[in-house]
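What follows is one structure encoded as structure tokens, with my remarks underneath.
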Amino acid sequence: MFLKICIYGAGAVGGLIGGVLAERSHTVCFIARGQQLKALKARGCTLETGDQMFTVHPDCSDSPSDFGIQDFVFIAVKAPALPAVAEKIAPLVGKNTVIIPAMNGIPWWFFNGFPESGPNVSLPMLDPGGLLSKAIPIQRLIGCVVHVAASVPEPGLIRHVADNRLILGEISGELSDRLQNIVDLFKNTALDVFATNQLRQEIWLKLLGNFNFAPISSLANATNAQIGEDPGLRKLALDMFEEAAAAGYRVGLQPGMTAKDRVDLGASMGNFRTSMLQDFDKARQPEIDAIVSAVIEIGQATGSPMPLSKAILSLLVQKARGQGLY
Numbered sequence: 276m277f278l279k280i281c282i283y284g285a286g287a288v289g290g291l292i293g294g295v296l297a298e299r300s301h302t303v304c305f306i307a308r309g310q311q312l313k314a315l316k317a318r319g320c321t322l323e324t325g326d327q328m329f330t331v332h333p334d335c336s337d338s339p340s341d342f343g344i345q346d347f348v349f350i351a352v353k354a355p356a357l358p359a360v361a362e363k364i365a366p367l368v369g370k371n372t373v374i375i376p377a378m379n380g381i382p383w384w385f386f387n388g389f390p391e392s393g394p395n396v397s398l399p400m401l402d403p404g405g406l407l408s409k410a411i412p413i414q415r416l417i418g419c420v421v422h423v424a425a426s427v428p429e430p431g432l433i434r435h436v437a438d439n440r441l442i443l444g445e446i447s448g449e450l451s452d453r454l455q456n457i458v459d460l461f462k463n464t465a466l467d468v469f470a471t472n473q474l475r476q477e478i479w480l481k482l483l484g485n486f487n488f489a490p491i492s493s494l495a496n497a498t499n500a501q502i503g504e505d506p507g508l509r510k511l512a513l514d515m516f517e518e519a520a521a522a523g524y525r526v527g528l529q530p531g532m533t534a535k536d537r538v539d540l541g542a543s544m545g546n547f548r549t550s551m552l553q554d555f556d557k558a559r560q561p562e563i564d565a566i567v568s569a570v571i572e573i574g575q576a577t578g579s580p581m582p583l584s585k586a587i588l589s590l591l592v593q594k595a596r597g598q599g600l601y
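Here the sequence shown stands for residues 276 to 601, numbered as in the numbering used here.
See the structure below:
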């Protein structure tokens with residue numbers, strides 16, 4: 276079947292997703308900008324994954340109107356850039372287009388109809404003025420949890436560092452035909468893609484690893500391994516996990532593993548620099564609200580105290596503001 280697939284954001288994750296789909300001869304286009312766009316147009320997109328390296332040459336532009344209506348649109352930008360994407364995405368979206376945000380943190384739709392009973396949690400900082408909800412109707416969405424470590428060492432080059440999983444799910448929990456169709460796109464690629472009927476739980480499990488490692492790495496300029504090995508940083512990571520897990524319990528979200536096991540898992544990624552730390556390295560706006568602030572808002576809404584996490588957030592925001600990034 277002839278399908279049109281757009282990757283909106285050709286950074287590490289978007290480049291990897293689009294690259295493996297293009298390598299399997301799917302019709303893929305990239306929305307990119309700056310030096311990345313210039314490199315993609317001039318030399319294509321080169322992927323290093325394991326002991327393999329290959330280059331694909333998808334169509335690229337900084338204007339969605341160049342490509343028209345797509346069957347699937349993967350959004351792979353940082354959370355602060357999402358409102359700008361929402362303002363420009365309309366030319367790509369037809370009546371049957373499915374939109375798959377492949378992003379970190381708590382998404383703006385997370386508490387839409389969830390939990391069915393219990394605390395009422397609202398996260399307006401993730402959707403200022405309701406822009407995202409208006410531009411990207413919830414019925415078009417398939418959620419995506421990204422378990423991939425990748426980087427862009429130079430424009431046009433995507434380096435796949437570790438892990439290779441995407442977990443996809445309907446917000447309703449339904450195991451739908453369209454969900455399976457997206458999973459099937461990735462057959463025989465370098466990515467293992469799975470469908471889930473527990474999307475919010477999967478998002479939460481991923482977030483519990485980012486919530487502590489991302490801000491600690493950014494404040495201490497530390498790799499994942501250093502956080503796991505340094506007694507003080509490790510203690511911070513363990514305690515932040517426990518605070519977040521306690522808040523999650525109050526809305527029916529389970530941590531999935533102990534604090535020790537989750538910190539050990541994060542540390543096993545070795546010298547990897549978290550996505551947030553890479554943002555600070557490159558003077559890009561970090562995803563503070565989606566990864567950290569939103570969890571603390573959940574704690575406040577549920578009456579779950581998070582004193583350590585609040586202190587870490589204050590330090591993180593001050594660092595970002597000092598560099599003009601927040």
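C-beta: ideal position from N, C-alpha, C; glycine also.
Rounded distance between the beta-carbons of N379 and A565, thought under 8 Å: Distance from A565 to N379 at the Cβ level is roughly 6 Å; contact confirmed, criterion being Cβ atoms closer than 8 Å.
Euclidean distance between Cα positions of R308 and D459: Between R308 and D459, the alpha-carbon positions lie close to 29 Å from each other.
Minimum length 3: unbroken beta strand (DSSP E) runs contained in the segment 393–478: Fully enclosed beta strand (DSSP E) runs of 3 or longer: 417–429, 432–445, 467–471.
Own chain, CB closer than 8 Å to L508, minus 5 neighbours either side, in chain order: Short of 8 Å from the beta carbon of L508, and not among the five residues preceding or following it, lie these beta carbons of its own chain, in chain order: I491, A495, A497, Q501, I502.
Backbone CA spacing between L466 and C419 [nearest angstrom]: Whole-angstrom Cα-Cα distance: 13 Å.
Cβ contact (3+ pairs, closer than 8 Å) linking the segment 407–423 and the segment 435–450: The segment 407–423 vs the segment 435–450: in contact.
Whole runs of the alpha helix (DSSP H) within the segment 501–534, excluding any shorter than 4 residues: Correct list: 506–524.
Spatial neighbours of N487 in its chain, beta-carbon cut-off 6 Å, leaving aside the 5 residues before and after: Within its own chain, the residues whose Cβ lies closer than 6 Å to the Cβ of N487, once the five positions on either side in sequence are excluded, are A512, M515, F516, listed in chain order.
Three-way DSSP call (helix, strand, coil) for P382 in this model: Residue state, collapsed to three classes: coil.
Three-state class that DSSP yields for K313 in the structure shown: In the structure shown, K313 adopts helical secondary structure according to DSSP, grouped into three states.
Residues near I563 in its chain [Cβ-Cβ closer than 7 Å; skip 5 each side]: The residues are L591, V592, A595, Y601.
Rounded distance between the beta-carbons of C320 and P333, thought under 8 Å: P333 to C320, Cβ: 7 Å. Contact.
Helix, strand or coil at Q322 according to DSSP, with G and I counted as helix: Here residue 322 is Leu; the residue named in the question, Gln, does not match the sequence. Residue state, collapsed to three classes: strand.
Rounded C-alpha distance that separates H301 from F277: Spanning the two alpha carbons is a distance of roughly 8 Å.
Simplified DSSP assignment, three categories, for M551: It is helical.
Residue from E323, F305, D326, T324 whose Cα sits closest to the Cα of K316: If we check each option's Cα against that of K316, F305 comes out closest.
Residues near R440 in its chain [Cβ-Cβ closer than 6 Å; skip 5 each side]: The answer, listed in chain order, is H422, D467.
L296 to E572 span [Cα, whole Å]: Cα to Cα, the separation comes out at about 37 Å.
C-beta atoms of V373 and F347 nearer than 7 Å: Less than 7 Å divides the Cβ of V373 from the Cβ of F347.
Outcome for P382 when other beta-carbon atoms lying within 10 angstroms are tallied against a minimum of 16: Buried, by the Cβ-count rule.
Counterpart residues of Y601 in DSSP-defined beta bridges: Paired residues: none, contrary to the question.
Residue range of the alpha helix (DSSP H) that includes Q575: It spans 569–577 - the alpha helix (DSSP H) in which Q575 sits, taken as one unbroken run.
Burial state of L483, where buried means 16 or more other Cβ atoms lie within 10 Å: With at least 16 other beta carbons inside 10 angstroms of its own, L483 counts as buried.
7 Å Cβ cutoff met for Y283 and I350: Cβ distance < 7 Å, so Y283 and I350 count as in contact.
Three-way DSSP call (helix, strand, coil) for N387 in this model: It is coil, neither helix nor strand.
For I282, the three-state DSSP class (helix, strand or coil): It is a strand residue.
C-alpha distance - T330 paired with S397, whole-angstrom precision: The straight-line gap from Cα to Cα measures roughly 43 Å.
For F486, three-class secondary structure by DSSP: F486 falls in the helix class under three-state DSSP.
Residue span of the beta strand (DSSP E) that contains V373, given as start and end: Segment 368–376, the beta strand (DSSP E) holding V373.
Nearest neighbour of I280, chosen from A287, C335, P530 [CA to CA]: Ranking A287, C335, P530 by Cα distance to I280 puts C335 first.
Helix, strand or coil at D341 according to DSSP, with G and I counted as helix: D341 carries a helical assignment under DSSP once its states are collapsed to helix, strand and coil.
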